[in-house]
Amino acid sequence: MIRLYDYVLSGNCYKIRLLLSLLGLEWETRWIDFHPKREHKSEWFLGLNPLGQVPVLEDGDFRLRDAQAILVYLAAKHDERGRWYPAGDPRTLGEIAQWLAFADGITATASAARLHDGIFFELDADRARAGANAPFRVLDEHLWFQEQEGREWLCAPGHPTIADLACFPYVALSEEGGVSRLPYPAIRRWTDRVKRIPGFIPMSGVLVA
Amino acid sequence: MAEPDPILVNDWHAVVELDFLASRGSFETVLLGVPIEIAESGEGSGEVRVSRRDTHAPLPARIRYGHVFTSIGQPNRDIVHFPECHEADRIHVTGGSIAVHVSGLRAVENFLDMGHFPFVHTDYLGVEPHTEVEPYEVTVTEEDEILATKCRFFQPLASPSADGGMMVDYEYRVARPYTVCLYKSNPIEPERWDFIVLFVQPVSEERCIAHPYLSYLAHNLDNETNRWFMQLIFAQDKPILENQLPKRLPLDPRAEVPARSDASSLSYRRWLAAQGVTYGAIPAAA
């Protein structure tokens with residue numbers, strides 16, 4: 081049985097729930113008291129993940145931390161059609177890796193501002209907000225050019241990949257950190273497309289299309 | 003920005019959860035426009051100090067319902083009493099305080115509203131086509147509190163102990179301008195209530211922090227599960243609240259078009275006006 085150490089308001093946990101759901105997998109949840117208790121920094125949880133971050137995934141005796149890594153593992157292991165992470169397609173795998181790393185830049189900016197505004201994380205929120213606009217501009221421009229080529233998703237294939245799932249949550253939650261998506265029309269069209277993927281599930285704060 | 007009303011200045015307000023404070027040692031926040039700091043007096047002592055950050059003047063502190071309460075004035079009444087919280091077979095836990103960029107009065111009004119359940123809390127507190135809010139009763143009690151009774155709503159997953167849909171009975175009580183609670187029938191013992199209070203901290207006129215406190219019949223529940231459910235639900239309300247315009251609550255009955263299901267909201271707005279609450283509100287034109 082797959083077990084997910086999960087926090088309900090974490091976008092990084094949500095992207096794992098989203099992929100598990102899209103793959104039709106069953107899993108059990110261990111809720112971590114991220115807020116208010118900071119259980120992810122507790123001694124027992126640091127034993128699972130010394131970085132003190134959710135999510136953590138266990139699949140049998142295999143344990144993995146890092147949301148992007150977990151997406152790779154789940155898609156490579158459990159997606160029989162090989163669409164979410166197309167092994168054997170080097171260019172697409174390279175593109176996916178590029179956007180998985182990019183997603184961490186969104187986490188460091190848009191997500192940080194949201195944690196500050198909503199649940200009192202101590203950080204420079206104005207700097208985080210300003211910082212979010214750089215990746216958002218890159219994302220919006222890329223999606224616009226993709227649309228010109230008739231492509232709806234971040235990477236080349238004519239279907240979504242884990243790259244889309246990795247970047248989606250903290251973009252869709254950005255308003256909670258005071259980062260408006262109004263200046264980014266291609267991003268707004270893309271988030272609407274993600275929400276219409278068959279089997280899509282929302283999280284609190286992500287409005288259904 | 004208006005000066006805070008005496009009824010708010012001279013009252014207690016929840017300003018931080020103890021579990022959160024314990025994870026940090028001290029915490030800075032704002033109450034009614036006044037910057038304050040809450041600090042543990044000494045590790046494990048269970049005591050806290052509250053002070054203003056502008057004048058460094060000490061402020062009164064009380065610990066109750068899993069939160070630190072303080073006042074920036076001279077409190078002339080005690081913190082609201084909730085007798086239900088003292089029953090032995092209950093599990094009590096704070097829900098996880100969340101800041102919302104809207105007037106706290108809007109947060110209270112939203113807490114009173116059943117009409118949004120199927121649309122905002124889909125598959126939890128409501129689901130289409132069960133959208134109708136049946137008529138209910140609203141009274142102002144002798145203690146000058148608002149009481150809404152005989153509320154009923156169909157809920158697919160009413161609480162963390164629910165196992166499928168049920169018709170849920172509700173009662174609401176507005177005890178203070180920024181303090182509201184609800185009682186809802188427990189899924190396992192429908193003749194008894196689960197109980198949630200929302201202490202809303204007015205940060206400014208257009209910002210608040212919602213401090214939920216949960217009192218559920220225990221039934222194998224644990225704190226993590228209760229907090230999971232509360233934060234799931236409240237975070238569904240948050241973007242709706244933050245998109246409400248104006249951010250302050252209009253008290254003029256003509257400002258927004260009510261439906262019959264808004265009886266408690268209308269009563270709340272009239273009651274706020276009668277109490278002389280203007281902070282976080284847009285008062286009705288004289």
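Top to bottom, those sequences are chains A and B.
For the first sequence, this note's numbering begins at 81 and goes up steadily by one.
For the second sequence, this note's numbering begins at 3 and goes up steadily by one.
All residues carry an ideal CB built from backbone N, CA and C; glycine is no exception.
Computed from a prediction, not measured in an experiment: that's the story for all the values here.
Contacts with chain B (Cβ-Cβ distance below 8 Å) from the segment 192-218 of chain A involve 197, 198, 199 and 200, listed in chain order. The Cβ of residue 244(A) sits no closer than 8 Å to any Cβ of chain B.
Residues of chain B with a Cβ closer than 7 Å to the Cβ of residue 284(A) are, in chain order, 234, 237 and 238.
Within the DSSP secondary-structure output, residue 82(A) pairs in a beta bridge with 107(A) and 139(A). Listed along chain A is no residue with a C-beta nearer than 7 Å to that of residue 144(B); the closest approach is about 36 Å.
Counting every other CB atom within 10 Å of its CB across the protein chains shown gives residue 260(A) a total below 16, marking it as exposed. Against chain A, a Cβ distance below 7 Å from residue 22(B) picks out 116.
In the structure shown, the three-state DSSP call for residue 13(B) is coil. The residues 49, 50 and 51, in chain order, have a CB closer than 7 Å to that of residue 43(B) in the same chain once the five nearest residues on each side in sequence are set aside.
Uninterrupted beta strand (DSSP E) stretches at least 3 residues long and entirely within the segment 28-87 of chain B occur at 28-33, 36-42, 50-54, 63-66 and 69-72, given in chain order.
For residue 146(B), no alpha helix (DSSP H) encloses it, and the DSSP letter there is neither H nor E. Nearest to residue 207(A) by alpha-carbon distance, out of 106(A), 191(A) and 221(A), is 191(A). By the criterion of a C-beta distance shorter than 8 Å, residue 220(B) is surrounded in its chain by 91, 92 and 93, once the five residues flanking it on both sides are discounted. Each residue's CA atom was taken as its position, placing residue 68(B) and residue 98(B) some 11 Å apart.
Relative to the Cα of residue 286(A), the nearest Cα in the group 124(B), 19(B) and 180(B) belongs to 124(B). Counting only residues of its own chain and dropping the five nearest sequence neighbours on each side, residue 86(A) has a CB closer than 8 Å to the CB of 93, 96, 97, 109, 110, 111, 112, 134 and 135. Scanning chain B for C-beta atoms nearer than 8 Å to the C-beta of residue 255(A) yields 241 and 244, reported in chain order. For residue 222(B), the number of other beta carbons within 10 angstroms of its own is below 16, and it is reported as exposed. In the DSSP annotation of this structure, residue 244(A) is not part of any beta strand (DSSP E); the continuous alpha helix (DSSP H) holding it starts and ends at 242-252.
In this structure, residue 142(B) lies away from residue 266(B), with their beta-carbon atoms at least 8 Å apart.
Annotation: residue 256(B) is outside any alpha helix (DSSP H) and is labelled neither H nor E by DSSP. Your pair residue 207(B) and residue 105(B) checks out as a contact, with CB atoms roughly 6 Å apart and the cut at 8 Å. The CB of residue 113(A) comes closer than 9 Å to the CB of 21, 98, 225, 226, 229 and 230 in chain B, given here in chain order. Using a CB distance cut-off of 8 Å, residue 274(A) does not count as an interface residue toward chain B.
Annotation for residue 124(A): the continuous alpha helix (DSSP H) segment containing it runs 123-128.
Between residue 287(A) and chain B, the shortest Cβ-Cβ separation is below 8 Å. Counted as a single uninterrupted DSSP element, the stretch harbouring residue 206(A) is not any beta strand (DSSP E) but the alpha helix (DSSP H) occupying residues 205-228.
Taking 8 Å as the threshold, the shortest C-beta distance from residue 88(A) to chain B falls below it. Nearest to residue 175(A) by C-alpha distance, out of 106(A), 216(A) and 247(A), is 247(A). If you draw a straight line from the Cα of residue 256(B) to the Cα of residue 247(B), it comes to about 15 Å. Taken in chain order, the unbroken stretches of beta strand (DSSP E) that lie wholly in the segment 169-253 of chain B and span 3 residues or more are 181-187, 195-204 and 210-219.
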